[in-house]
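Its first residue numbered 10, the sequence shown is counted upward by one per residue in the numbering used here.
Where is the CB? At the ideal position from N, CA and C, for every residue including glycine.
Working notes for the structure below.
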Amino acid sequence: MAQNYQPFQASMLALGQAPSVIRETFEYGNRRAAEIGRENVFDFSLGNPSVPAPDSVHDTMRRLMDETDSVLLHGYTSAVGAEPVRSAIAADINKRFSAGISAGNIYMTCGAAASLTVTLHAVLCPGDNCIAFAPFFPEYRVFVEAANADLTVVPADLDSFQLNLDAFEKLVNAQTKAVIINTPNNPTGVVFTEANLRKLCDILRAKEAEYGHPIYLIADEPYRELVYDADTVVPYLPNLYDDTFVCYSFSKSLSLPGERIGYIVVSPKMKDSKLVYAAVCGSGRALGFVCAPSMAQRVVADNLGRTGDLSVYRRNRDLLYKALTEYGYRCIYPDGAFYLWVQALEPDANAFCQKARDYELLIVPSDSFGCEGFVRIAYCVTTEMIERSLPAFKKLAEAYGK
Numbered sequence: 010m011a012q013n014y015q016p017f018q019a020s021m022l023a024l025g026q027a028p029s030v031i032r033e034t035f036e037y038g039n040r041r042a043a044e045i046g047r048e049n050v051f052d053f054s055l056g057n058p059s060v061p062a063p064d065s066v067h068d069t070m071r072r073l074m075d076e077t078d079s080v081l082l083h084g085y086t087s088a089v090g091a092e093p094v095r096s097a098i099a100a101d102i103n104k105r106f107s108a109g110i111s112a113g114n115i116y117m118t119c120g121a122a123a124s125l126t127v128t129l130h131a132v133l134c135p136g137d138n139c140i141a142f143a144p145f146f147p148e149y150r151v152f153v154e155a156a157n158a159d160l161t162v163v164p165a166d167l168d169s170f171q172l173n174l175d176a177f178e179k180l181v182n183a184q185t186k187a188v189i190i191n192t193p194n195n196p197t198g199v200v201f202t203e204a205n206l207r208k209l210c211d212i213l214r215a216k217e218a219e220y221g222h223p224i225y226l227i228a229d230e231p232y233r234e235l236v237y238d239a240d241t242v243v244p245y246l247p248n249l250y251d252d253t254f255v256c257y258s259f260s261k262s263l264s265l266p267g268e269r270i271g272y273i274v275v276s277p278k279m280k281d282s283k284l285v286y287a288a289v290c291g292s293g294r295a296l297g298f299v300c301a302p303s304m305a306q307r308v309v310a311d312n313l314g315r316t317g318d319l320s321v322y323r324r325n326r327d328l329l330y331k332a333l334t335e336y337g338y339r340c341i342y343p344d345g346a347f348y349l350w351v352q353a354l355e356p357d358a359n360a361f362c363q364k365a366r367d368y369e370l371l372i373v374p375s376d377s378f379g380c381e382g383f384v385r386i387a388y389c390v391t392t393e394m395i396e397r398s399l400p401a402f403k404k405l406a407e408a409y410g411k
């Protein structure tokens with residue numbers, strides 16, 4: 010055996026032996042439910058949609074099964090995705106945002122995680138820098154570092170949780186190749202304002218001119234449709250900044266997380282757009298993400314513009330936000346997504362979450378999101394469970410003198 014032989018990659022072993030705190034909390038909840046009964050555990054850990062997929066999704070699946078040749082339905086599509094599917098998605102985007110997208114700008118993927126990893130591997134080179142704004146989805150760090158690049162974290166604006174652009178401008182440097190943003194945001198539920206985003210784009214254009222190379226904006230958009238107030242608008246980033254990717258998933262809007270279906274948009278206004286798209290195709294090939302699930306592609310193409318019953322999430326948000334605020338918690342008002350971002354009642358969010366387990370409340374500490382002192386509560390659960398959990402939240406607050 011060679012002297013330096015290693016049976017596996019050490020970094021992959023480390024990831025496998027250190028699951029995310031979100032998943033660890035979820036698995037703890039499963040063990041606890043087996044011990045005391047599911048009805049006695051208040052599990053707010055996982056962003057798993059609780060609203061059923063629209064009836065039209067099931068209708069489409071049945072029709073496809075009944076009317077489509079099985080070999081065609083379950084066979085390979087083009088590596089980049091079926092052309093009719095990509096054309097339908099492009100037409101829907103243009104109808105809503107007048108973005109000038111064509112099928113040739115779209116690459117079908119196995120959900121948002123694949124969209125992000127394919128995009129990052131396509132554009133990041135060893136030594137490049139990628140920037141994310143705290144708080145952010147913890148897997149961003151995993152995805153960026155797997156692409157042999159470095160992640161720089163912009164500290165959170167702890168008052169508004171809008172993008173902290175003063176800090177951002179100081180952190181951009183000549184090695185910065187990409188910036189990831191996520192709106193509506195996981196974990197805060199905040200929607201970044203158009204003014205905030207326009208200022209971000211102005212900074213990026215100035216930095217591109219200063220350093221003489223593109224800085225790609227990667228818009229992670231699985232929650233785009235999940236907004237609850239009539240005056241809340243989620244700007245379409247390719248219309249504000251040319252060098253933009255959109256990484257989209259139907260997991261949340263159509264309640265299809267297990268089907269693993271989404272897409273990447275490479276803006277046609279991006280510098281060398283066709284070459285960048287080719288790099289995306291090459292990245293998908295290298296990572297093994299060619300030909301997204303065939304039937305799922307056809308299902309989403311037939312259900313564009315539809316969502317699950319978002320009124321359930323709105324009701325859950327309003328119920329939980331109102332109650333926790335009354336109990337003395339500081340809650341950041343969520344414009345969208347299905348998370349409530351709450352300041353822990355002691356400086357150590359991990360200790361606070363352990364204390365919450367005494368009341369069978371399973372919530373996620375903020376540290377892995379790049380921001381200390383808060384917790385994430387996923388309210389994509391049944392309204393009835395939220396109602397049953399409220400006395401526990403009240404007791405937890407009283408334990409801290411609220």
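In terms of Cβ geometry, glutamate 178 and valine 242 do not form a close pair [threshold 8 angstroms]. Going by beta carbons, leucine 180 and valine 199 fall outside the 8 angstroms limit. Distance between lysine 208 and valine 274, taken at the CA atoms: about 22 angstroms. As the crow flies, the alpha-carbon of aspartate 211 is around 21 angstroms from that of cysteine 256. About 11 angstroms separates the CB atoms of phenylalanine 298 and threonine 128; that is not less than 8 angstroms, and the two are not in contact. The C-alpha of lysine 278 lies about 27 angstroms from the C-alpha of asparagine 157.
With at least 16 other beta carbons inside 10 angstroms of its own, isoleucine 341 counts as buried.
Setting aside the 5 residues that flank it on each side, cysteine 119 is surrounded in the same chain by Arg269, Ile270, Gly271, Phe298, Ala301 and Pro302, each with a C-beta closer than 8 angstroms to its C-beta; the list follows chain order. Assignment of aspartate 327 by DSSP, reduced to helix, strand and coil, places it in the helix class. The region 134 to 154 makes contact with the region 183 to 194: 3 or more CB pairs, one atom from each, lie closer than 8 angstroms. Leucine 172 and phenylalanine 201 do touch by the CB rule: their CB atoms are close to 6 angstroms apart, below 8 angstroms. Under the DSSP assignment, arginine 307 falls in the alpha helix (DSSP H) whose first and last residues are 303 to 310. Runs of alpha helix (DSSP H) with 4 or more residues, each lying fully within the region 153 to 207, are found at 174 to 180, listed in chain order. For glycine 314, the CB contacts under 7 angstroms within the same chain, skipping 5 residues up- and downstream, are Asp101 in chain order. Taking the Cα positions, alanine 97 is about 6 angstroms away from alanine 310. Beta-carbon to beta-carbon, tyrosine 225 and valine 132 are separated by about 6 angstroms, close enough to satisfy the 8 angstroms threshold. Collapsing the DSSP output to three states places glutamine 352 in a strand. Only residues of its own chain outside the window of five on either side were considered, and among them Val89, Gly90, Val94, Arg95, Tyr272, Ala301 and Gln306 have a CB closer than 7 angstroms to the CB of methionine 117, listed in chain order. For the pair glycine 345 and tyrosine 237, the CB atoms are nearer than the 8 angstroms cut-off. For alanine 112, there is no enclosing beta strand (DSSP E), as DSSP marks it with neither H nor E. Here the alpha carbon of alanine 287 sits roughly 40 angstroms from the alpha carbon of glutamate 381.
Using a C-beta cut-off of 8 angstroms, the region 256 to 267 makes no contact with the region 105 to 114, since fewer than three inter-stretch Cβ pairs fall below that distance.
For valine 50, the three-state secondary structure derived from DSSP is coil.
If you draw a straight line from the Cα of asparagine 57 to the Cα of proline 266, it is about 7 angstroms long. Judged by pairs of C-beta atoms under 8 angstroms, the region 216 to 223 does not touch the region 358 to 374, as fewer than three such pairs exist. In the structure shown, the three-state DSSP call for tyrosine 14 is coil. Within the region 331 to 381, the complete alpha helix (DSSP H) segments of 4 residues or longer fall at 358 to 366, listed in chain order.
When DSSP reads this structure, isoleucine 386 sits in a beta bridge with Leu349. Setting aside the 5 residues that flank it on each side, asparagine 359 is surrounded in the same chain by Pro374 and Asp376, each with a C-beta closer than 8 angstroms to its C-beta; the list follows chain order. Residue environment for arginine 40: exposed (fewer than 16 other C-beta atoms within 10 angstroms of its C-beta). By the neighbour-count definition (other C-beta atoms within 10 Å, threshold 16), alanine 187 is a buried residue. Looking from the CA of phenylalanine 378, the closest CA among Phe51, Ile31 and Arg339 belongs to Ile31. In the three-state scheme derived from DSSP, where H, G and I count as helix and E and B as strand, threonine 392 is classed as helix.
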